[in-house]
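Residue numbers for the sequence shown follow our numbering, beginning at 18 and rising by one.
Where is the CB? At the ideal position from N, CA and C, for every residue including glycine.
Below: one structure, written as structure tokens.
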Amino acid sequence: MKYNGFPLFLILAFFLTGCLGQKTLHFEGESEDWKVEYIADVKSEDSESTGLHINYAGEGEAPEHINYTLDSPAGGKEGEYVLLNNGRVQQMGNFCSGCAVTSEDHDIQVTIEWGEKEETLHLEYIE
């Protein structure tokens, strides 16, 4: 029996075409008190979904709440009086379409305020 691989080829081509141009970018920064991770799933040249993870890494108990600002050439984000859950903040599921998207060379900064303290972390692209 002769096998015709054309239908399999069409299915494979369909899935691969859907993945073209899509990439996931990871940025990280760390200080004595905080570890921050920013993830951008770039879907196309003008759409992406992003996630931000902030973890308390300092001595003693984590603060109950923080304020933060994320600055990036692709756009910014703020959180005021954000409650920490076990020393963590996870902001997920931000999606934009028709927007500027994150790239590997972007300078991304996160400023965190808690109590009387403030720190700015510069996030670096992780390959």
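S89 sits buried, since 16 or more C-beta atoms from the chains shown fall within 10 Å of its C-beta.
If you draw a straight line from the Cα of L140 to the Cα of D124, it comes to about 7 Å. Between the beta-carbon of V118 and that of E62 there is about 7 Å, and that keeps the pair under the 8 Å contact cut.
DSSP places T119 outside both helix and strand once states are collapsed to three, so it counts as coil. Taking C-beta atoms as the reference points, N84 and Y98 count as a pair closer than 8 Å.
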